[in-house]
Amino acid sequence: MPLKTGNEFVESLRNLNLEVYIFGKREENTVDHPMVVPSMNSVKITYDLAHDPAYEDLMTAKSHITGNKINRFTHIHQSADDLVKKIKMQRLLGQKTASCFQRCVGMDALNAVYSTTFDMDNKLGTGYFDKLKEFLVYVQDNDLTVDGAMTDPKGDRSCAPSKQEDPDLFLRVVEKREDGIVVRGAKAHQTGIVNSHEILVMPTMSMKEDDKDYAVCFAVPTDTKGIKIIYGRQASDTRKLEGGEIDTGNPKFGGHEALVVFEDVFVPNNRVFMCGEYAFSGTLVERFAGFHRQSYGGCKVGVGDVLIGAASLMSDYNGAAAASHVKDKIIEMIHLNETLYSCGIACSAEGRPTAAGSYEIDMLLANVCKQNVTRFPYEIARLAEDISGGIFVTMPSEQDLNSPEVGAYIRKYYAGAKGVPVEHRIKVARLVENMTLGAAAVGYRTESMHGAGSPQAQRIMISRQSDLEAKKNLVKELLDIE
Ligand code: SF4
Ligand code: FE
């Protein structure tokens, strides 16, 4: 049975022998590490909800290869309806975790590599598609979490990969052997790597012939020799080490990113899905980015739902819920959030079949979706901060709340609306802090800007996809201009 439970997922992570560094120290056991556990819980829930009959329709799908019931995160979209369900699943998980649940990058990478290897084989006779399908079935049958890895460190942005002073600043093939290849380099900002079984590496941008060593796509287990994971910091992250329940803002869930170094990592031939076919690196990047830009129309909306709920609760707890400007600000937040969702749904509903038979989003609408995401969550966060009041950034600690000397003062002076326990007000204020400025702000704010490509990348795609000439022709036709 391919569907793992959440607990089986956690146990499967224990069997990995990852090389992880946190605060400069090698950590053998990340499964129980307080810096990692909340992010692991966010992936764990993607397994648990697949067993819940209430969410089965969104969380599971039927494998088009084996016919088995699989987790949707390992599915290759077979219809526009699949694409819509993907967005709904992501909104649901954003609502449940108020953070990044990490598993989408692998789903998006698998879908992008699927159609690209098919096209590559057709044009070049390369034979990657069957290998990719074999890997896919392995992922589906074992219900694995795959980390999609695209972003290279990139060094001097004015230089192509092969023109960098240090050739490792883009991940590349350093040796070709009979049985496989050896790669070196790094992938930055790797979401969820410590909670992943496999890493699916793709090139970071379109490449020219000089850069063909950098046009490489492959998958390896995350504990392959030579892979070193250096855990990323987040604002207020060490609050997780304090052992409290309130000050992290979201004690149960979170996300993480890391720098992943590939120090001469061997990749066997059956796991290589591109090696030197530079003309297809741009296609792969565009497709992965398109799927991930779609994704944000789901996950960020679900997280936004929680932030709107938190702002609204704060207004209740502050005794300000009846003020007309507060009501109006909440309406504005909902309007912005649902606009994000509309684009996520629209680019999915307009999905089309690829030559490989899988379904792909409407590229223009997916890029518009992500462009909105680079802006609206900031405004939603601003309004949440406005409604919450300054308390969420100036409150004393949980230890003070529990202190025999000063705890009574906290309870007295942080009281809000009549009948509301002070702890409730403090808890929600801390959640607002977590989502707007703290650890979860990585996933909700800055990732909204830079994740799945920075704003300019979408503007280039919007310009390419929009067919401005057709719009000019509309005018000419209307006005009888030759
Ligand atoms: Fe999924 Fe969103 Fe996290 Fe990307 S940012 S992995 S789409 S939850
Ligand atoms: Fe992302």
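Converting from the sequence shown to my numbering requires adding 103 to each position, the first position being numbered 1.
For glycine and all other residues, C-beta sits at the position ideal for the given N, C-alpha and C.
Run of the alpha helix (DSSP H) containing residue i, from where it starts to where it stops
i	result
C472	M466 to V476
L274	No alpha helix (DSSP H) holds L274; DSSP gives it neither H nor E.
M377	Element bounds for M377: not the alpha helix (DSSP H) but the beta strand (DSSP E), V375 to C378.
I490	F479 to S491
I148	V140 to D151
D244	F232 to D244
N505	Where N505 is concerned, there is no enclosing alpha helix (DSSP H), given that its DSSP letter is neither H nor E.
A413	S384 to N421
M192	A183 to T200
I494	I494 to T497
F221	C207 to L227
Bridge-paired residues (DSSP) for residue i
i	result
L534	L534 is not bridged to any residue.
I303	Before going on, a small fix: residue 303 reads as Leu here, not Ile. Answer by DSSP bridge pairing, in chain order: G251 and A322.
M564	DSSP output for M564 lists no bridge partner at all.
V368	V286
T163	N174
I125	K128
E463	R455
R280	G283
A157	For A157, which the question treats as bridged, DSSP gives no partner whatsoever.
L362	I333
Rounded C-alpha distance that separates residue i from residue j
i	j	result
K432	K355	28 Å
R548	P480	6 Å
L534	P105	35 Å
H167	I179	8 Å
G405	P324	30 Å
A542	D340	6 Å
E366	Y420	53 Å
L582	C450	32 Å
N118	I330	16 Å
L274	V363	11 Å
N492	Q243	Per the sequence presented here, residue 492 reads as Gly, with Asn not at that position. C-alpha separation (whole angstroms): 47 Å.
L344	L116	21 Å
A318	T220	13 Å
V531	F495	9 Å
A458	G197	32 Å
F394	M138	29 Å
P156	G379	45 Å
8 Å contact criterion, which residue i and residue j should meet: CB distance rounded
i	j	result
G401	Q193	3 Å
D326	L121	5 Å
V429	I349	That belief does not hold up - the Cβ atoms of V429 and I349 are roughly 24 Å apart, past 8 Å.
A487	L410	5 Å
Residue interval of the beta strand (DSSP E) (run including residue i)
i	result
N120	Element bounds for N120: n/a, residue is neither H nor E.
R129	K128 to E130
R287	G283 to K290
Y334	I330 to Y334
Touch check for the segment 363 to 370 and the segment 213 to 231: three-plus C-beta pairs under 8 Å? no
At least three beta-carbon pairs within less than 8 Å, the segment 275 to 289 to the segment 232 to 239: no
Just checking, does the segment 259 to 269 make contact with the segment 311 to 320 on the three C-beta pairs under 8 Å criterion? yes
Quick check: the segment 461 to 479 against the segment 546 to 561, are at least 3 beta-carbon pairs closer than 8 Å? yes
Would the segment 456 to 473 and the segment 554 to 574 be scored as touching if the rule is three or more Cβ pairs under 8 Å? yes
Using 8 Å as the threshold, is the segment 296 to 304 in touch with the segment 239 to 259, meaning 3 or more CB pairs across them? yes
Would the segment 198 to 213 count as touching the segment 243 to 257 if we require 3 or more Cβ pairs under 8 Å? yes
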